[in-house]
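What follows is one structure encoded as C-alpha cells, with my remarks underneath.
Protein chains in written order, with UniProt numbering: chain A, 1 to 351; chain B, 1 to 260; chain C, 1 to 280.
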C-alpha cells in the first residue's frame with residue numbers, strides 16, 4: 001500500500017528539483033545523491049519546511065501540499081517525523097522532555113506524554129539517560145534520542161536527514177545496526193536522505209539516486225550496484241563505468257578504446273568492472289586477459305586493507321591492489337605500468 | 001534662533017574689526033591693566049539669557065575691541081563651576097544665595113551689587129481658562145499647579161510667597177528650573193504655575209501672567225559681581241558698570257524685571 | 001579567556017601554552033583597555049574621595065533618601081517588565097519576520113538612544129500629556145492621566161530603556177539557531193508554542209542581559225522622567241531627580257545620594273549576574 005505519493009517540484013533561481021517519489025507502508029527508501037543534488041530540499045518539501053512550486057505531496061491519501069489546487073498543510077499539522085542531521089535536540093530540555101515534546105504538542109497530557117517518552121527511551125535502551133541534557137549525551141545517544149523524539153509522534157512518514165553523518169566511524173557502525181532494527185519496526189513510510197552509499201545499502205529497501213535535482217537511477221540495492229547508470233553511482237558502488245557503443249563482444253569507449261566484454265552487445269551500452277578486476281604489471285603481460293593497455297599512476301590511496309590506485313591512460317580507471325603489490329611494483333605517481341582486465345569481468349548492459 | 005546666531009556672528013566680526021583698528025591706532029587708551037578691550041566671559045543666570053545677549057551686544061558696540069562671551073545656566077550650576085575654577089570674569093546670579101556661595105569661597109572681587117529684581121506671577125494658559133486671579137485660586141483638586149523645587153531660587157521665592165499668603169497647596173510637581181515650570185503651562189499639562197514675570201512675558205504668546213499681591217513678599221534680587229580670578233578685570237568692571245547704566249536698565253525692565 | 005573549561009580539562013597538554021599566551025597581551029590592546037577602564041572608574045573614585053564619610057549615616061537616615069531609592073528600584077523594575085512584555089515580541093518580529101520597511105522600523109527602535117532624554121520627555125508629553133494625541137483621549141474616556149504620576153515615571157523609563165532590551169534580544173535571536181524552531185514545528189508545535197517553549201528558553205541568557213541593561217538604564221533615567229512625570233517626592237521623585245536637586249544646594253548630599261544609587265545597582269546587578277546571566 002502506497003503511503004507517500006509525491007511529486008516534488010521546487011524551483012530556485014538556478015536550480016530545479018523534480019523528483020517523483022512513492023513509498024509503501026513499512027518501506028525504507030534512501031534518497032542518495034552528491035552534495036547539492038537537492039536531497040535536503042526534497043526532505044524539507046516533504047516535511048513542509050519549504051513549499052512546493054508545483055507537483056504534490058500526498059500522505060495517506062491526503063494532499064498536504066498541492067500548489068495547483070492551493071492546498072497546504074503547515075509543518076506542525078503533518079504526520080511527519082524528522083530526524084535532523086545534527087539532531088537539533090532542544091538544549092534546555094532533558095532527553096525525556098525532548099521526546100515528550102511531540103506527544104505533548106499532539107494533545108497528550110503532561111503525564112501521559114512523559115510516560116510515552118519514557119517508553120520510547122526504554123526501547124532505545126536509554127532509560128538511564130532520561131534526565132540528561134543533550135550536551136551530556138554522546139553522539140550515538142543523542143542520535144537515538146532524536147530518533148525516539150521523531151518516532152514518539154507516531155509519524156506516517158519518517159524523514160531522516162543524514163542520520164549518521166555526525167558520528168565517528170566506530171559509533172556509526174553500532175548506531176547503523178540499531179537504526180536498522182528500529183526502522184524495520186516502523187510501520188509507516190521512511191525516507192532516508194544520505195550521501196553515504198553504505199547507509200543507503202544497509203538501511204534501505206530501495207534506493208532513489210538523484211543528481212542535479214533529477215532521479216538518475218532507482219531500484220533495490222542489488223540492481224543499482226550491479227548496473228550503475230552514472231559516474232556518480234558507479235563511484236558510489238565502487239565500479240569503473242564507461243558508456244560506449246557495443247558491437248559483438250567489443251565496446252568502444254572513451255577515445256575509441258575497444259573494451260572486450262563477455263556478453264554479446266549492440267548499440268549504446270554501459271560497461272562496468274570493479275577495481276579489484278584490474279591487474280597491474282610492470283611489463284606488457286602475457287596471458288589470458290583480453291584487455292591490456294599502458295597506463296600511468298595518478299595517485300595511490302588507502303582503501304580498507306588494500307590500496308586504490310588511480311590510473312591515467314586511454315581510459316581512466318581505479319585499481320585495487322595489495323600493499324605488497326604496491327611495494328613490488330614501486331607504484332608512485334608518474335610510474336608507467338600495464339593494466340589488464342579479463343573480458344569475463346566486464347559487465348555490459350544497455351543504456 | 002537664527003537671528004541670534006547671525007547677530008552673534010556680526011558682533012564677532014565687528015569685534016575682530018575693532019581689534020584690528022585698535023591695534024593700528026593705539027593712542028587714546030590708558031595704561032595696560034585698565035584698558036577696556038579684549039574678551040570677557042560672563043556667567044549669567046538662565047533667566048537673563050534674552051536681556052544679557054542684548055546688553056552684551058550694546059556693550060560691544062559701545063566699546064570697540066571688546067567681545068563678551070556668555071555662559072547661561074542655572075545660578076547654582078554656575079556657582080559650582082566658578083568654585084571649581086572656571087575662567088569667568090563676571091557672575092550675574094538670579095539669587096543672593098548663589099552669589100553668597102561664591103563670595104564665601106573668596107571668589108568675588110569687591111562687593112556684589114543688586115542690579116535688578118524679579119517678582120513672581122501666576123502663569124496660566126492663554127485666556128486663563130480656569131479664571132485664576134490670585135494664589136487662593138490655586139488650591140483644590142481640580143487645579144494642577146507646577147512649582148520650582150525649593151532648592152532653586154524660583155522655588156524658594158514661591159514658598160515665601162505662599163507662606164506670606166497663608167496658602168497651602170500641593171503642586172503636582174517641583175520642577176528643576178523655571179523654564180521647565182513654564183513649559184508645563186505652555187504644553188497644557190498644568191493649569192497654573194508660579195514663574196518670574198520675565199518668563200511669563202517671554203512666553204506671552206502662550207501664557208498670561210496673573211499678578212498677585214503677595215509677590216511683593218517674595219521678590220528675587222539679582223546680584224552681579226566681578227570675580228577675583230577674572231582674566232580681564234578692567235573690561236569686566238566696565239561691563240558691570242554698563243549693566244547698571246540706564247540703557248541696560250531699559251532693556252531689563254522691558255523684559256519684565258524691576259529696577260533695583 | 002577560556003570560555004569553555006572542559007576544553008582545558010580534556011586537553012591538559014595545551015594548558016601551559018595558554019598561560020604563556022595570556023602573559024603576552026599586546027600593548028596596543030592593553031594600553032587603550034586600561035585607559036578605557038580608567039575613564040569609567042575615575043569619576044566613581046572621585047565620588048568616593050569626596051564623599052562625606054563622617055556624616056554619611058545621618059544623611060542616609062533622612063526620610064527622603066529611602067523614599068526616592070524605593071521609588072527608583074520599584075519604577076525601574078516595572079519599566080523593565082513593560083520592556084520585556086513589549087520589547088521581546090518586537091525583537092522577535094525584527095529577527096524572524098520579513099516585512100516591508102523593516103530597516104526603518106529597526107532604525108526607529110534606536111531613536112530613544114540618540115534623542116536627548118529631555119526631548120524624549122517633551123515628546124511623551126505631546127502624545128500622553130493632558131493635551132496629547134492619546135493623552136487627551138485617555139483622560140476624557142477613562143479619566144487616566146499619566147504626567148506627574150508614578151505610572152508616568154515607568155512610561156518615561158520604559159521609553160528610554162526599551163532599545164537596550166530590543167537590541168540585545170534581537171541579537172540573541174539572530175545568533176540562535178532557527179532550525180530548533182523548525183524542529184519544534186515538525187513535532188507539532190505552532191508558532192506561539194514554539195516561541196514560548198523553544199525560542200524563549202534558547203535566548204534566555206540574551207533576554208536576561210538585555211533586561212539588566214534595560215533596568216540599569218531605567219534606574220539612572222533623569223531627563224525624560226523629570227520632563228514627563230515631573231518631580232514630586234514619593235510619587236515621581238526618583239534617585240536621579242533627588243541627586244540633581246540636591247546638587248542645586250548641597251554637593252555633599254548629591255554625592256551621598258549618588259553613592260547610594262551606585263551601591264544598590266551594583267549589588268543587584270552583581271547578584272543577578274551570578275544567578276542568571278552566567279551561561280551554563
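Ideal Cβ placement from N, Cα and C applies to all residues, glycine included.
Every value quoted in this text rests on a predicted model; they were computed, and no experiment measured them.
Beta-carbon neighbours of residue i, restricted to chain B and to distances below 7 angstroms
i: residue 148 of chain C; result: 172 and 173
i: residue 245 of chain C; result: 149, 151 and 176
i: residue 269 of chain C; result: Neighbours of residue 269 of chain C on chain B: none; closest Cβ ~28 angstroms, over 7 angstroms.
i: residue 252 of chain C; result: Correct list: empty, because the minimum Cβ distance to chain B is about 12 angstroms.
Where residue i meets chain C, residues with beta-carbon distance less than 8 angstroms
i: residue 101 of chain A; result: 184, 187, 189 and 197
i: residue 188 of chain B; result: 129, 130 and 131
i: residue 49 of chain A; result: 182, 185 and 186
i: residue 76 of chain B; result: 247, 248 and 249
Buried versus exposed, by CB contacts within 10 Å (16 or more), residue i
i: residue 62 of chain C; result: exposed
i: residue 40 of chain B; result: buried
i: residue 189 of chain A; result: buried
i: residue 243 of chain B; result: buried
i: residue 99 of chain B; result: buried
i: residue 53 of chain C; result: exposed
i: residue 3 of chain A; result: buried
i: residue 133 of chain C; result: exposed
i: residue 98 of chain C; result: exposed
i: residue 186 of chain A; result: buried
i: residue 182 of chain C; result: buried
i: residue 110 of chain C; result: exposed
i: residue 111 of chain B; result: exposed
Chain C residues whose Cβ lies nearer than 7 angstroms to that of residue i
i: residue 88 of chain A; result: 179, 180 and 183
Alpha-carbon spacing of residue i relative to residue j, whole angstroms
i: residue 101 of chain C; j: residue 165 of chain A; result: 41 angstroms
i: residue 133 of chain A; j: residue 94 of chain A; result: 4 angstroms
i: residue 108 of chain B; j: residue 225 of chain B; result: 7 angstroms
i: residue 6 of chain A; j: residue 286 of chain A; result: 56 angstroms
i: residue 138 of chain B; j: residue 144 of chain C; result: 22 angstroms
i: residue 155 of chain B; j: residue 207 of chain C; result: 43 angstroms
i: residue 234 of chain B; j: residue 66 of chain B; result: 11 angstroms
i: residue 260 of chain C; j: residue 49 of chain C; result: 15 angstroms
i: residue 23 of chain B; j: residue 208 of chain B; result: Any reading at residue 23 of chain B must be qualified, since the residue scores a pLDDT of 42, below 50, and its modelled position is unreliable; no value is offered.
i: residue 215 of chain C; j: residue 109 of chain A; result: 38 angstroms
i: residue 31 of chain B; j: residue 239 of chain B; result: For residue 31 of chain B, the predicted model reports a pLDDT of 36, less than 50, meaning its position is unreliable and no value from the coordinates is stated.
i: residue 16 of chain A; j: residue 111 of chain A; result: 46 angstroms
i: residue 129 of chain A; j: residue 127 of chain C; result: 57 angstroms
i: residue 101 of chain A; j: residue 151 of chain A; result: 12 angstroms
i: residue 219 of chain A; j: residue 288 of chain A; result: 35 angstroms
i: residue 28 of chain B; j: residue 36 of chain B; result: Its pLDDT being 38, under 50, residue 28 of chain B is placed unreliably by the model, and the measurement read from it follows with that caveat. In a straight line, the C-alpha of residue 28 of chain B is about 11 angstroms away from that of residue 36 of chain B.
i: residue 254 of chain A; j: residue 11 of chain A; result: 35 angstroms
i: residue 140 of chain C; j: residue 236 of chain B; result: 56 angstroms
i: residue 120 of chain A; j: residue 88 of chain C; result: 36 angstroms
i: residue 79 of chain C; j: residue 165 of chain C; result: 11 angstroms
Chain C residues whose Cβ lies nearer than 9 angstroms to that of residue i
i: residue 106 of chain A; result: 187 and 188
i: residue 149 of chain A; result: 183 and 187
i: residue 84 of chain A; result: 179, 182, 183 and 186
i: residue 81 of chain A; result: 186 and 187
Proximal chain A residues relative to residue i, where beta-carbon distance stays under 8 angstroms
i: residue 55 of chain C; result: Result: empty, since nearest Cβ-Cβ is about 51 angstroms, beyond 8 angstroms.
Beta-carbon neighbours of residue i, restricted to chain B and to distances below 9 angstroms
i: residue 232 of chain C; result: 170, 171, 172, 173 and 174
i: residue 226 of chain C; result: 173, 175, 176 and 180
i: residue 236 of chain C; result: 172 and 173
Minimum Cβ-Cβ distance from residue i to chain E less than 8 angstroms
i: residue 125 of chain C; result: Absent here is chain E; the protein component of the structure consists of chains A, B and C.
Contacts of residue i in chain A (Cβ-Cβ under 9 angstroms)
i: residue 173 of chain C; result: The contacting residues do not exist; residue 173 of chain C stays about 15 angstroms from chain A at best.
Beta strand (DSSP E) runs contained entirely in the stretch 162–237 of chain A, provided each spans 3 or more residues: 189–194, 206–211 and 214–219
Which complete beta strand (DSSP E) runs does the stretch 128–204 of chain B hold, if anything under 3 residues is left out? 145–148, 173–175 and 192–196
What runs of the alpha helix (DSSP H), each 4 residues or longer, lie entirely inside the stretch 88–138 of chain A? 95–105 and 110–123
Taking Cβ-Cβ distances below 9 angstroms as the criterion, which residues of the stretch 192–223 of chain C are in contact with chain A? 193, 194, 197, 198, 201, 202 and 204
List, from N- to C-terminal side, the alpha helix (DSSP H) runs of 4 residues or more that fit wholly inside the UniProt domain "Mop" (286–350) of chain A. 323–329
Identify every run of the alpha helix (DSSP H) within the stretch 104–149 of chain C, keeping only runs that are complete inside it and at least 4 residues long; order them along the chain. 111–114, 117–128 and 135–142
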